[in-house]
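In my numbering, each residue's number is its place in the sequence shown (first place is 1) plus 2. The beta-carbon is built from N, C-alpha and C at its ideal position, and this holds for glycine as well. Following: one structure in structure tokens, then a few remarks.
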Amino acid sequence: MKPSRYNFYVSSVSFLNKNNHVKVLKHHPDLQVYGMGRSAVVFKVIGEHRVIKIFYPPFEETAIQEKNNYEKLKGSNYYPTIYESGPNYLVMDLIEGKTFFECLAEGILLKSDYVHQVDNGLQYARDVGLNPSDIHLHNLIVTKEGSIKIIDVARFSQEKQCTQWQDLKNGYEKYYHRTYFPTKIPKWIMNSVSKIYRLRNKLSI
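Here it is, written out as structure tokens:
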């Protein structure tokens, strides 16, 4: 089968991994870096409403796992649509909006309906046999229309029970609407809390 245009785009990308810090060395001019994470970089395809998520070596297995999980979630409006996949990449919807992390940093109100939508999306995942895990502020997106999209679902197939979303929701319900809760939360504070939370979970295993 003839390689697709997206496959050609992926082949144009090269990385430099130094001290566990990945840098994009080069990419096709039709691609624009949209975001970088621990295991992948997301490129916006210029002129299209799609992105290509390319996984760094050695995270190819994560790419396959995420593709399989998205296949199970197909049909739900809470998750992006996958149009193509390869051994180290996914082509999916471009989701325009703000993450929960950005909302808190910028003082944008997180409505209770958003939390309810996340609950519905995660329940859908459970109903199709997945185990929602690693739900954090960066992978929950409020679109311009006010709907919720959940991304980065590779860990939805792990067996270990994850309480991260429930912990976030408990904090939201207990503190967020209090008069003393800050309008904006500095990013460094949220990042520090996240690191402490992950460390605590590691120590409790």
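Compare the C-alpha of residue i against each of the options and name the closest.
i, options, result
"Ser13", "Gly88, Tyr177, Thr64 and Ile110", "Gly88"
"Thr165", "Val155, Val24, Thr185 and Asn203", "Asn203"
"Ser6", "Val43, Leu142 and Val93", "Val93"
"Ile66", "Asn172, Leu201, Tyr177 and Arg157", "Arg157"
"Tyr72", "Thr185, Lys171 and Ser159", "Ser159"
"Val85", "His140, Ile54 and Glu108", "Checking the sequence, you will find Tyr at residue 85 rather than Val. Nearest C-alpha to Tyr85: Ile54."
"Asp95", "Glu50, Thr101 and Lys162", "Glu50"
"Ser16", "Tyr81, Lys100 and Asn90", "Asn90"
"Glu63", "Pro82, Arg52 and Ala42", "Ala42"
"Gly37", "Thr145, Asn141 and Ile191", "Asn141"
Which term fits residue i, buried or exposed, when burial requires 16 or more other beta carbons within 10 angstroms of its beta carbon?
i, result
"Thr181", "exposed"
"Phe45", "buried"
"Tyr126", "buried"
"Lys69", "buried"
"Val195", "exposed"
"Ile153", "buried"
"Gly123", "buried"
"Trp167", "buried"
"Pro82", "buried"
"Ile191", "exposed"
"Ile114", "According to the sequence displayed, residue 114 carries Ser and not Ile. Exposed is the call here."
In terms of residues, what are the limits of the beta strand (DSSP E) holding residue i?
i, result
"Lys55", "Arg52 to Phe57"
"Leu33", "Leu33 to Met38"
"Asn9", "First-last for Asn9: Arg7 to Ser13, but that is the alpha helix (DSSP H), not the beta strand (DSSP E)."
"Lys25", "His23 to Lys28"
"Leu2", "No statement about residue 2 is possible, as the shown extent of the chain runs from 3 to 207 and does not include it."
"Leu142", "Leu142 to Thr145"
"Ile150", "Ile150 to Ile152"
Locate the alpha helix (DSSP H) running through residue i, then write down its first and last residues.
i, result
"Asp129", "Ser114 to Asp129"
"Gln168", "Gln166 to Gly173"
"Ile66", "Glu62 to Lys74"
"Leu106", "Phe102 to Glu108"
Across which residues does DSSP place residue i in a beta bridge pair?
i, result
"Thr83", "None; Thr83 has no bridge partner."
"Leu92", "Lys55 and Ser87"
"Val47", "Leu33"
"Ala42", "Phe57"
"Gly99", "Thr145"
If residue i and residue j are in contact, beta carbons under 8 Å, what's the gap, nearest whole angstrom?
i, j, result
"Asn79", "Ser149", "7 Å"
"Gln34", "Ile56", "Actually they do not touch by this definition, with Cβ atoms about 13 Å apart."
"Tyr178", "Leu112", "7 Å"
"Leu75", "Thr101", "The Cβ separation is near 19 Å, so there is no contact."
"Ile187", "Leu106", "5 Å"
Say whether chain D places a C-beta atom closer than 7 Å to the C-beta of residue i.
i, result
"Tyr178", "Looking for chain D here will not work: only one protein chain is present."
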